[in-house]
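Some notes on the structure that comes next.
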Amino acid sequence: MNAWAPGGGLVAIIEVTAATVQRGDVIQLGGRACRVRDLFQLSQGAKQLVFESGELLTIHACTRLVAVRSMRRR
443 MNAWAPGGGL
453 VAIIEVTAAT
463 VQRGDVIQLG
473 GRACRVRDLF
483 QLSQGAKQLV
493 FESGELLTIH
503 ACTRLVAVRS
513 MRRR
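When we follow our numbering, the leftmost residue of the sequence shown carries the number 443, and every step to the right adds one.
As structure tokens, then:
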């Protein structure tokens with residue numbers, strides 16, 4: 443599903459895994475929208491996400507989360 447964001451950009455609601463998560467993805471955790479600031483690769487395909495708020499989340503290789511991703515123009 444694609445939609446227009448309030449700032450005028452196109453966004454998509456997608457499912458992300460440790461293999462597909464990107465910087466800038468917005469993931470809703472505990473009712474709060476958290477934007478991924480940085481990623482670190484861990485063993486066995488896991489990743490540690492660092493959010494703009496400073497919080498950390500480690501996701502296993504099989505974890506699936508719903509995220510909002512800004513569509514970039516090319």
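Beta carbons are placed, not taken as given, at the ideal position from N, Cα and C, and that holds for glycine. This structure is a prediction, so every number in the text was calculated from the model and none was measured.
Have a look at residue i and residue j and give me their C-alpha separation to the nearest angstrom.
i: Phe482; j: Gly473; result: 24 Å
i: Leu452; j: Val463; result: 18 Å
i: Gly496; j: Leu507; result: 19 Å
i: Gln486; j: Ala454; result: 28 Å
i: Leu471; j: Arg477; result: 10 Å
i: Ser512; j: Gly466; result: 8 Å
In three-state DSSP terms, what is residue i?
i: Gln490; result: strand
i: Gln464; result: coil
i: Ala503; result: coil
Where do the N-terminal and C-terminal ends of the beta strand (DSSP E) with residue i fall, by residue?
i: Ser485; result: Per DSSP, Ser485 belongs to no beta strand (DSSP E) and is neither H nor E.
i: Ala460; result: Element bounds for Ala460: n/a, residue is neither H nor E.
Given a threshold of 16 other Cβ atoms within 10 Å of its Cβ, counted over all protein chains shown, does residue i qualify as buried or as exposed?
i: Leu491; result: buried
i: Ala460; result: buried
i: Ile501; result: buried
i: Ala509; result: buried
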